[in-house]
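Asker: Be aware that the sequence shown starts at 1, since it is given in UniProt numbering, and climbs by one per residue.
Positions of the beta carbon are idealized from the N, C-alpha and C atoms, including for glycine.
Mind having a look at this structure? Questions to follow.
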Amino acid sequence: MTMEMKDSGSVVLTAYHPHSPARIPGMEQSFVQDIAPSHSPTSRKSLSRYRRINRMLSNDSAPPPAFSRSNSQASMDSTSMEDFWCEVESIKESSEDGSEEATLLEFKPADEGELEAEWLQDVGLSTLISGAEEEDGQALLSTLTRTQAAAVQKRYNTYTQTLRKKNKHTVRDVRDIFGTSDSSPTFETVPVSPVPSNGIQLPVQKPVWKSVSSNSCLDCGLDKGSPSVTEELSYEVSFSESITVLPKTQEWPKNQRFKKEDSALPKFIVRKSRFGLTEVGDLSPEDMKKIRYLSLIELTAFYDALGVELKRNRAERVRGRENGLFGVPLNILLENDQKKVPGIKVPLIFQKLLLKLEETGLETEGILRVPGSASRVKNLHQELEAKFYEDTFDWDQVRNNDAAGLLKMFIRELPSPLFTVEYLPAFITLVEKISKIKLQLQALHLLIMLLPEANRDTAKAFLQFLKKVVAHEGKNKMNLWNVSMIVAPNLFIYKGKRANQQEMQAAATTAHIVRLLIRYQDILWTVPSFLISQVRKMNEAAMNNSKRQLMFDKGVRKLLRRKTMERERPERPEGAVTFPPYLQSDIPEGVIRVYAPLHSKVSMAIQLTSQTKAKDILARFHCENSRGSSQNVRGQIQSLHEIGGNIGQHCLDPDAYMLDVYRANPQAEWVIKPKAS
């Protein structure tokens, strides 16, 4: 059985308001009636409501085409969407009885050119707006691929043309930035050789294939029926560079179909290079900030290559609480929690709710789907606010279904959606406008890289829990599609000042997004190696700029003339790289000195070969220190870290080939220490 949705031609995000009209009778069997602009005044009134929502979410004044109920659900069985609508009804009831506080997102229409200016700022290129010659912006521009440069150039062209029309001030010509003779060049994609994480073009090597752990969930009943198709994913080449040019006459299918069977989703094999795989927590916060810049540029280039408009919302103001548990912005909640537990990445209340459900609720039939008592959830909510931080709350009194209700309430009451209000339209677009699941997954991957750290870590914890729920399908009767249907309204319905009840227009779309998030989460939290390659290039460019600045500084030239220069070194400027001391000694090529400050033997020189892996070095240290190290050190999981040089800090994959990593970053230090949790 399949599900289909007629493409509305524009991004319409789900929205809900506690004062919306009652649910349309017969909604379980159909979405909405056919709407035509030439019909009666009632139809025109309905169409105007669609226009208001569309303008709010896509900043586009053009009215969307009519949405057909019959086409959207022609091939659905009568119960396929029942879970979704029951959850919507539950959300509505909890809002009407006052158990959820109203937190409004206000939107301000963007002036022409403002979205482009915000985009340039979000990708770290505010210097193009200010006109300042800053090193970070120059370093970023120097690392861009052809398609990425074209995406930046297109947005900058639009921004400068808008400013010239408004006669605000003189702007830099795009040709001065990109060194082109034509302000609007056309890029054609050509075959690109894989670029490893050091950013150096190498001959194509035979890849190492490894199936990532996202397929481990297939053991949990996700691979029923006919076998899934296996597809390959590569992180070595930019997603946008690997897309062939689309014919101008090509149109996206008007009827997007979703198969609810779990076996309809393909298996993916990730190409694991000699540098291994890198998770988001393996990089330093400074480098992850650069990953976010590059991910937004790459996502824009990716959508451009597919001929899809990347739409975003412009949230003007978020009103949220500054203390408490529910309805508090994630960053403020984490700041409060970190005073109690330093270094915590997921809010304490969220962790406790997940732990409660994992300990006692995973085998509860209908968990997440069967609602708890509204009155009990309301009372528990109030009691948690009063007693949680005092450690006097009795968790034994909380029933599993009530805990699930509190978990979903926490997500809904966030002042800003977990996946951020700015790019919620992009999540919808990747399904409505992109037909292949592989391309959907690549777009989703970049959107995950875009998330703020607090949102990303919280979303990761939530999706890991949902994966465990699906793994216990035999007991709780909740398969992947059931869970996706229940979770989708909680993630993609938000309260807005001008929100309306339009869930039916994106019900199957949002459920499909959640299904992809759960099924492929191990892939989505892996940083593509081509982005790491670009971060290395950025750091190298910044290091070279710092060196040039140091050489031409007058104060430094005076220091160079002094006879005591060897003892009196100039102060290291901010952003410069500290070279490891051992690099100044006579260590042969291919030999590294590894430091293990927590072990009894704190350092060791190791000769690298083409087959030496990070796990081999860890094993050697473990063998050498098996007796001398303390019990605490032996009980910890140690990892090899690459620190300094052209990377901030990088926790290496145990399967990384060390000679390749060393050649990519010969100025790094190598330290064995526990991996950051």
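I believe Lys613 touches Tyr657 by the beta-carbon criterion, under 8 Å. Please report the beta-carbon distance rounded to the nearest angstrom.
Answerer: Contact flag correct, Cβ pair sits at about 6 Å.
Asker: Just curious, the alpha helix (DSSP H) that Gly361 is in, first and last residue?
Answerer: Here Gly361 belongs to no alpha helix (DSSP H), and DSSP marks it neither H nor E.
Asker: Compute the Euclidean distance between the alpha carbons of Ser240 and Ile532, then round it to the nearest angstrom.
Answerer: Spanning the two alpha carbons is a distance of roughly 16 Å.
Asker: What's the call for Cys651, buried or exposed, on a 16-neighbour Cβ count within 10 Å?
Answerer: Buried is the call here.
Asker: If we call anything under 7 Å between Cβ atoms a contact, is Gln649 one with Ser273?
Answerer: It is not a contact, given that the beta carbons lie outside the stated cut-off.
Asker: In or out: Arg164 buried (at least 16 other Cβ within 10 Å) or exposed?
Answerer: Exposed, since its Cβ has fewer than 16 Cβ neighbours within 10 Å.
Asker: For a test of the three-state rule: what should DSSP assign to Trp252, helix, strand or coil?
Answerer: The predicted position of Trp252 is uncertain, since its pLDDT is 43 and thus under 50; a value taken from the coordinates is nonetheless stated next. Coil, per DSSP.
Asker: May I ask you to report which of helix, strand or coil DSSP gives Lys673?
Answerer: Three-state DSSP puts Lys673 in a strand.
Asker: Would you list the one or two residues that DSSP bridges to Cys651?
Answerer: In the DSSP output, where bridge partners are listed per residue, Cys651 has His641.
Asker: Anyone know if the C-beta pair for Phe410 and Phe326 falls short of 7 Å?
Answerer: The answer is yes: Cβ separation under 7 Å.
Asker: Can you look up Val527 in the DSSP assignment and give me helix, strand or coil?
Answerer: Looking at Val527 - three-state DSSP - the assignment turns out to be strand.
Asker: Count the other C-beta atoms from every protein chain shown that fall within 10 angstroms of the C-beta of Asn665, then say buried if there are 16 or more, exposed otherwise.
Answerer: Looking at its Cβ environment, which holds 16 or more other Cβ atoms inside 10 Å, Asn665 is buried.
Asker: Would you call Asn476 buried or exposed, if buried means 16 or more other Cβ atoms sit within 10 Å of its Cβ?
Answerer: So Asn476 ends up on the buried side.
Asker: Hey, quick one: how far does the beta strand (DSSP E) through residue 753 stretch, first residue to last?
Answerer: Past the edges of the chain, shown from 1 to 677, lies residue 753, and the structure says nothing about it.
Asker: Relative to the C-alpha of Leu144, which residue among Glu298, Val280, Arg515 and Gln161 is closest?
Answerer: Residue Glu298 is the option with its Cα nearest to Leu144.
Asker: So, for Lys290: in the same chain, excluding its five sequence neighbours on each side, which residues have a beta-carbon less than 7 Å away from its beta-carbon?
Answerer: Hits under 7 Å: Val535 and Met538.
Asker: How is Ser603 classed by DSSP in three states: helix, strand or coil?
Answerer: In this structure, Ser603 counts as strand in the three-state DSSP scheme.
Asker: Helix, strand or coil: which one does DSSP assign to Ser234?
Answerer: Of the three classes helix, strand and coil, the one that applies to Ser234 here is strand, per DSSP.
Asker: In the structure shown, what three-state DSSP assignment does Tyr303 receive?
Answerer: Helix.
Asker: For Leu466, I'd like the list of residues in its chain whose CB is within less than 7 Å of its CB, leaving aside the five on either flank, ordered along the chain.
Answerer: Closer than 7 Å at Cβ, skipping near neighbours: Val483, Val487 and Ile518.
Asker: Quick check: the region 444-456 against the region 520-528, are at least 3 beta-carbon pairs closer than 8 Å?
Answerer: Output reads yes: the region 444-456 touches the region 520-528.
Asker: Return the residue from the list Ser126, Lys675 and Leu233 that minimises the CA-CA distance to Phe530.
Answerer: Closest option to Phe530, Cα to Cα, is Leu233.
Asker: Could you give the first and the last residue of the continuous beta strand (DSSP E) run that contains Lys267?
Answerer: Unbroken beta strand (DSSP E) run through Lys267: Lys267 to Lys272.
Asker: Distance check for Gln667 and Leu583, CA to CA, integer angstroms please.
Answerer: Confidence at Leu583 is low in this model, with a pLDDT of 44, below 50, so the placement of that residue should be treated as unreliable; the coordinate-derived value is given next. Answer to the nearest angstrom: the Cα atoms are 7 Å apart.
Asker: What residue range does the alpha helix (DSSP H) around Lys166 cover?
Answerer: It spans Arg146 to Lys166 - the alpha helix (DSSP H) in which Lys166 sits, taken as one unbroken run.
Asker: What separation, rounded to the nearest whole angstrom, lies between the Cα atoms of Lys673 and Ser600?
Answerer: Their backbone Cα atoms lie some 13 Å apart in a straight line.
Asker: Report the option in Leu380, Phe388, Ala151 and Tyr235 whose CA atom is closest to the CA atom of Tyr303.
Answerer: That would be Ala151, whose Cα lies nearest to the Cα of Tyr303.
Asker: Quick check on this structure: which residue in His512, Thr147, Ser90 and Tyr156 has the alpha carbon closest to the alpha carbon of Trp119?
Answerer: Considering only alpha carbons, the answer is Tyr156.
Asker: In the structure shown, what three-state DSSP assignment does Thr392 receive?
Answerer: Note: Thr392 maps to coil in three-state DSSP.
Asker: Going by Cα to Cα distance, which pick from Asn625, Glu624 and Arg620 is closest to Pro654?
Answerer: When each option's Cα is compared against that of Pro654, the closest is Arg620.
Asker: Once the 5 residues before and after Met124 are set aside, which same chain residues still bring their CB inside 6 Å of it?
Answerer: Correcting the residue type first, residue 124 is Gly in the shown sequence and not Met. Excluding residues within five positions, the ones whose Cβ falls inside 6 Å are Leu140 and Tyr293.
Asker: Considering only residues of the same chain and omitting the five flanking positions on each side of Ala426, which have a CB-CB separation below 7 Å?
Answerer: Only Leu310, Lys311, Arg312 and Leu447 meet the Cβ criterion.
Asker: Which value, in whole angstroms, describes the spacing of the CA atoms of Gln382 and Tyr389?
Answerer: Answer to the nearest angstrom: the Cα atoms are 13 Å apart.
Asker: With DSSP as the reference, identify every bridge partner of Lys613, one or two as the case may be.
Answerer: According to DSSP, Lys613 bridges with Tyr657.
Asker: With Gln338 as the anchor, note down where its alpha helix (DSSP H) starts and where it stops.
Answerer: Segment Leu330 to Gln338, the alpha helix (DSSP H) holding Gln338.
Asker: Taking just the CA atoms, how far does Val237 sit from Val192?
Answerer: Confidence at Val192 is low in this model, with a pLDDT of 40, below 50, so its placement is unreliable and no value can be given for it.
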